Structure formats: C-alpha cells, structure tokens
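Participant: If you count the sequence shown from 1, you need to add 1 to reach this note's numbering.
The C-beta atom is built at its ideal place from N, Cα and C for all residues, glycine as well.
In this text, all values refer to a predicted model and were calculated from it rather than measured experimentally.
My structure is below; once you've seen it, I'll send some questions.
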Amino acid sequence: MAGQSLASALPQLAIAGRWSAAERGAAQAIGFEVLRGLGRAQAVLCALHSKRIKPPELEQLLLVAIALLTAPGNPQGDSAGPLPLYPEHTLINQAVQACALRPKTRQGRGLVNALLRRLQAEREHLLQTALLADAARYNHPAWWVQRVRAAYPQDWANLLDLAAQRPAMALRVNARWGDRNAYLALLRTQGLHATAPETPGLEQALILHRPAPVQDLPLFEAGAVSVQDASAQLAAGLLDARDGMRVLDACAAPGGKTAHILERADCEVLALDHDAARAERIAGALARLRLPRVQVVAANAAQTGTWWDGRAFDRILLDAPCSASGIVRRHPDIRWLRQDSDIPALAAQQTALLEALWPLLAPGGRLLYATCSVFPEEGSEQAAAFLRRHGDALAWTAPGQILPSRLPEHDGFFYALFAKRTEHRNHPLA
Ligand SMILES: C[S@@+](CC[C@H](N)C(=O)[O-])C[C@H]1O[C@@H](n2cnc3c(N)ncnc32)[C@H](O)[C@@H]1O
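Here you go:
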C-alpha cells in the first residue's frame with residue numbers, strides 16, 4: 002500500500018518480526034493470495050461499508066480477510082472441485098483475534114466480526130454487485146484492463162484471469178553439468194516429477210509438476226540446475242553466442258540470462274547493470290553454477306561514454322527494464338504498484354537503450370531485445386519503430402509476443418532479434 006514491492010517488503014518484515022521460516026512462508030503465501038484478489042476485496046469492502054475504514058491497519062486487515070474469504074479456491078483441489086483456501090470460521094476468528102494484537106485496531110474487533118459475518122451470510126449478492134467493476138472482476142487496475150483489452154481483443158479476459166493462477170516452476174539444467182534427462186532421473190529419486198518441453202530453444206528446460214523449494218532440488222548448490230521461466234530460457238538460444246564471441250549483456254542482474262549464455266559457450270561477456278546492489282548478485286549466480294567469471298560493471302547502459310572501451314560486440318542482449326506485466330502470476334503486486342503513466346516512460350527508456358546500444362554492435366552481429374511485458378508499447382511497437390529508424394537492421398526470426406493465454410507454462414514475454422547488415426546490404430553475417 003505504501004508503494005514498495007512485496008519482494009523487498011517481506012524480507013524487511015521478516016527481520017523486524019523475527020519470523021521463523023514457516024511464518025515467512027505463510028506470510029508470503031497470504032500476501033500473494035491477497036494481492037491476486039485485491040481488486041475484488043476492495044470492491045466487496047466498499048459494498049459492505051461505504052465509509053472509509055480507519056485506521057488504515059484495520060482496513061488492510063479487512064481486505065486481507067475478504068480477499069481470502071472470497072478467493073476462488075485452491076487449484077490443487079482434486080477432481081471433486083477446488084478446495085477452499087482456509088475454512089471460513091478460521092479466517093473470521095483469526096481476523097478478529099488479529100485486531101486485539103495492536104492498540105490501534107483493538108477497538109475494531111466488533112466491526113471486523115460484523116462485516117465478515119455479513120459477508121458470510123450475503124456472499125453471493127455482495128460478490129455479484131462488487132464484480133460489476135472491471136478492477137474487481139479482473140483484479141487489475143482499470144487502466145491495465147483497458148490496455149490489455151485494446152491489445153488483445155480476443156484473448157484479453159483469459160489473459161487477465163490467468164494472472165490469478167500460481168505460475169509453473171521451470172528449471173534450466175546447466176548444460177555444462179549434463180543433459181536434462183539425467184537431471185529428470187535425479188529428480189525422480191527425490192519424488193519430484195517434471196515434463197521436458199519439446200519447444201525448440203528449451204532443450205535444457207524442465208517444468209516441475211508441482212513447485213518445490215530450491216533446497217529440495219538435487220545438486221542445486223552444486224550448480225546442476227537453476228530456476229528460470231521457460232520464456233526467459235529462450236533468450237540464450239536466440240542470441241546464439243558462440244565460443245570466443247564478445248557479448249554484451251546490457252541489463253544483466255541478477256544474472257539468469259548471463260549464466261545461460263555461459264552454460265552454452267565460452268564467450269567474453271560484459272555484464273552491465275545500473276543497480277550496483279543487483280549487479281553484485283551476478284558473480285554469485287555464476288559461481289554457484291561453476292561458470293567462468295565475467296566482467297561486471299555497474300553503469301547505465303544508455304550512457305555508453307561512461308563504460309564502453311570502443312570494441313564492438315558480436316552479440317548484444319538487451320533484457321530491458323519494463324512494466325513486468327508478463328510476470329504478474331509470479332509477482333502479483335506489480336499490477337497495483339504500476340501506474341498508467343509508467344508505460345510510456347518505460348517505453349521511452351527502452352528506446353533510449355536500443356538507440357545507445359545499436360552502434361556498439363559489429364556488422365553481422367545480433368541484438369536481442371527482450372521484455373517480460375504483454376503491452377505492445379514495450380514489445381511489437383518498440384521493435385517496429387526500431388526497424389523504421391534503422392535501415393541497417395534486419396528482423397531475424399524470433400518469437401515476438403509470447404502470451405500465457407496461448408502458452409500457459411510461459412510467462413508473458415517479448416523477443417525481437419535484429420541482425421546488423423554488413424556493408425554489402427542484404428548479406429548479414431549472422
Ligand atoms: C529484466 S531485469 C534483467 C534480468 C536479467 N537479464 C536476468 O535474466 O537475470 C532488468 C534489469 O535492468 C536494469 N536496468 C534498468 N535500467 C538500466 C540501465 N539504464 N542500464 C543498465 N541496467 C539497467 C535493472 O536494474 C534490472 O536489473
């Protein structure tokens with residue numbers, strides 16, 4: 002509510018509250034579930050009580066309880082249908098008890114009890130009224146719903162509904178360790194099951210049938226495997242960096258794609274990220290995977306004068322900062338943190354990065370542009386405008402927009418691959 006992401010807020014709360022691992026897991030699970038249903042909870046609370054509830058802590062406690070009470074259910078429920086996430090009476094009792102924990106909310110016990118019991122009694126009617134609004138029905142801000150609807154007139158509702166689901170957990174088997182069938186066999190010995198997708202470019206990928214904590218993954222610390230979404234795993238194959246090539250990973254932290262590039266080839270990689278704290282994580286990621294060290298620089302990739310030594314790159318990966326609208330299943334808070342005006346601002350940053358980096362690519366080289374977004378401003382429109390601006394750029398075969406509504410095990414992603422023409426036009430050395 003204060004504009005911080007769940008990924009940064011939860012660790013701080015865990016430290017301040019001295020949470021155990023189990024409490025941390027529970028808080029995260031509840032936080033994620035609530036954010037998946039926040040639009041619905043806000044509308045139901047409004048229908049239950051038209052005045053603003055004070056103090057804010059009491060309002061937030063109610064939103065948590067309502068989001069969980071009205072959640073569609075546990076998708077791991079068996080064929081008899083989805084299971085309720087938590088029994089209703091437990092939720093109501095816990096919410097009332099939670100009021101008593103703080104002086105600020107103690108007075109609100111009666112109100113919380115009354116509102117939640119009314120919700121229990123009038124659930125169908127209240128939900129019907131509340132779900133008339135787009136933000137409540139689809140659990141995304143209204144501007145986000147409009148953007149998705151405009152971009153995907155066929156798929157939009159499905160795409161938004163999919164954001165309520167838990168994401169698949171995909172693994173990338175380190176090619177320097179071995180092939181994925183060997184790892185699949187290892188997983189089985191631990192009672193873990195996975196599918197090996199046949200999609201070209203996903204030769205090292207495994208999709209777990211059920212998510213598992215990384216510490217349960219065999220040889221994780223020894224570097225046999227990484228957790229990386231299937232869409233993100235396509236990057237290294239598209240970039241196709243070969244032994245000895247000079248490669249720029251322009252927005253590299255925390256290093257997932259840098260590592261994948263190095264698992265496939267011995268190339269000379271420069272990994273940049275303008276966030277110094279995030280950049281520090283790259284070396285750790287490579288060390289765990291027993292990969293060669295690379296040069297890591299904390300710098301703004303768009304300000305090439307501050308970090309470029311004048312030697313052209315054979316390959317450039319621009320995994321650009323973006324709205325992250327394609328990974329809302331994984332980060333359910335993103336939709337509530339972003340604002341409509343962020344989208345053109347991010348698109349302008351992406352354009353600036355593309356413009357700054359293109360001159361650094363050697364003729365015959367390739368630049369892969371990627372975003373984990375489903376908004377065309379950050380994907381297809383960005384790529385089309387780039388091609389219009391650059392006569393020496395040739396669009397190479399790439400997936401374009403990947404949508405979870407068409408490939409459910411994939412995050413929403415966009416890829417465009419540009420080859421730089423050599424002096425003899427039309428003959429790129431790709
Ligand atoms: C999508 S994430 C990169 C994920 C990474 N490629 C991976 O696979 O692990 C985008 C990154 O771009 C960085 N970034 C944003 N603007 C930048 C800029 N102007 N120059 C360099 N890095 C930037 C962010 O700090 C963030 O780490």
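Is Lys258 near ligand 1 - that is, is its Cβ less than 6 angstroms away from at least one heavy atom of it?
Facilitator: yes
Participant: DSSP on Lys421, reduced to helix/strand/coil?
Facilitator: strand
Participant: Taking just the CA atoms, how far does Leu188 sit from Leu271?
Facilitator: 34 angstroms
Participant: Beta-carbon within less than 6 angstroms of Thr196's beta-carbon, same chain only, minus the 5 sequence neighbours each way: which residues are those?
Facilitator: Ile208
Participant: Who does Ser227 pair with in a DSSP beta bridge?
Facilitator: Arg173
Participant: Compute the distance between the beta-carbons of Val174 and Arg167, then report whether it is under 7 angstroms.
Facilitator: no
Participant: Just to confirm my understanding: we take Gly40, look at its own chain, exclude 5 residues before and 5 after, and list those with CB closer than 6 angstroms. What are they?
Facilitator: Ala136, Ala137, Asn140
Participant: Just how far apart, CA to CA, sit Arg294 and Asp241?
Facilitator: 19 angstroms
Participant: Please determine, among Tyr370, Arg339, Trp337, the residue with the shortest C-alpha to C-alpha distance to Thr352.
Facilitator: Tyr370
Participant: Could you tell me which residues DSSP puts in a beta bridge with Val297?
Facilitator: Beta-bridge annotation (DSSP): Val297 is paired with Ala272.
Participant: Assuming Ala253 and Asp274 form a contact by the criterion Cβ under 8 angstroms, report the distance between their Cβ atoms to the nearest whole angstrom.
Facilitator: Between Ala253 and Asp274, the beta carbon gap of about 5 angstroms places them in contact (Cβ cut-off 8 angstroms).
Participant: According to DSSP, is Gln383 helix, strand or coil?
Facilitator: Residue state, collapsed to three classes: helix.
Participant: Kindly provide the ranges of any alpha helix (DSSP H) runs that are 4 or more residues long and lie completely inside the stretch 301-385, ordered along the chain.
Facilitator: 335-338, 343-358
Participant: Looking at the strands, I want to know which residues DSSP matches up with Phe414.
Facilitator: Ile403
Participant: With DSSP as the reference, identify every bridge partner of Leu209, one or two as the case may be.
Facilitator: Met170, Ala195
Participant: Here's a check: name, in chain order, each residue in its chain whose Cβ is nearer than 7 angstroms to the Cβ of Leu49, leaving out the five neighbours to either side.
Facilitator: Leu116, Arg119, Leu120, Leu127
Participant: What residues match up with Ala394 in a beta bridge as DSSP calls it?
Facilitator: BP columns for Ala394 point to Lys421.
Participant: For Ala420, count neighbouring C-beta atoms within 10 Å of its own C-beta (all shown protein chains included) and say buried if the count is 16 or more, exposed if not.
Facilitator: buried
Participant: In angstroms with no decimal places, state the Cα-to-Cα distance between Ala363 and Gly311.
Facilitator: Distance from the CA atom of Ala363 to the CA atom of Gly311, rounded to whole angstroms, is 11 angstroms.
Participant: Would you check whether ligand 1 has a heavy atom nearer than 6 angstroms to the C-beta of Leu273?
Facilitator: yes
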